[in-house]
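Numbering (our numbering), first residue to last: 91 to 214.
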């Protein structure tokens, strides 16, 4: 019996918003070596480099269901609400999303505005 082969990267995923790049092993909904896991979206998947367990994987990103651009799963780039949406598309179509999503986006905007302006407290 042959030993299972180590999965080799099939390509490189690039987020079109933040520029994150990473090699991916699989694109789809049923990552290899996962018994009964089915993802809710077709996504780019890589082997988890932080564990020797080959059944572990990381989801890198997917395509925005509105504009089709590749986006990572980072909260600064996209959100998943039954489908993957990039934040520019969410902001353009915010009224079409449920109130909870609208409120979450409002919180994100206020945090982004206050974060860069925060100054370190230099008092001693």
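C-beta: ideal position from N, C-alpha, C; glycine also.
Spatial distance of residue 188 from residue 198 (CA atoms): Locating residue 188 in the chain shown gives position 98, where the first residue counts as 1. Locating residue 198 in the chain shown gives position 108, where the first residue counts as 1. Looking at the two C-alpha atoms, the distance is approximately 16 Å.
Rounded C-alpha distance that separates residue 202 from residue 162: Along the chain shown, read from residue 1 onward, the residue named residue 202 stands at position 112. Along the chain shown, read from residue 1 onward, the residue named residue 162 stands at position 72. Between residue 202 and residue 162, the C-alpha separation is close to 19 Å.
Residue 182 (DSSP reduced to helix, strand or coil): Indexing the chain shown from 1 puts residue 182 at position 92. Residue 182 falls in the helix class under three-state DSSP.
Rounded straight-line distance, which links the Cα of residue 105 to that of residue 82: Look at the range of the chain in this structure, 91 to 214, and you will see that residue 82 is not part of it.
C-alpha distance - residue 115 paired with residue 137, whole-angstrom precision: Reading the chain shown from its first residue, position 25 is the one you call residue 115. Reading the chain shown from its first residue, position 47 is the one you call residue 137. Straight-line Cα distance between these residues: approximately 7 Å.
Cβ contact check for the region 128-147 and the region 165-177: 3 or more pairs under 8 Å: yes
Residue 168 - partner residues in DSSP beta bridges: On the chain shown, residue 168 is found 78 positions in, with the first residue counted as 1. In DSSP, residue 168 forms a bridge with 176.
Beta-carbon spacing of residue 191, residue 177 below 9 Å: Counted from its first residue, the chain shown places residue 191 at position 101. Counted from its first residue, the chain shown places residue 177 at position 87. Taking 9 Å as the Cβ cut-off, residue 191 and residue 177 do not qualify as a contacting pair.
Residue 150 in three-state terms, based on DSSP: Within the chain shown, residue 150 is the residue found at index 60, counting from 1. Reduced to three states, the DSSP call for residue 150 is strand.
Candidates 146, 141, 194, of which the one nearest residue 126 by Cα: For the purposes of this step, residue 126 is taken as residue 36 along the chain shown, with counting starting at 1. Nearest C-alpha to residue 126: 146.
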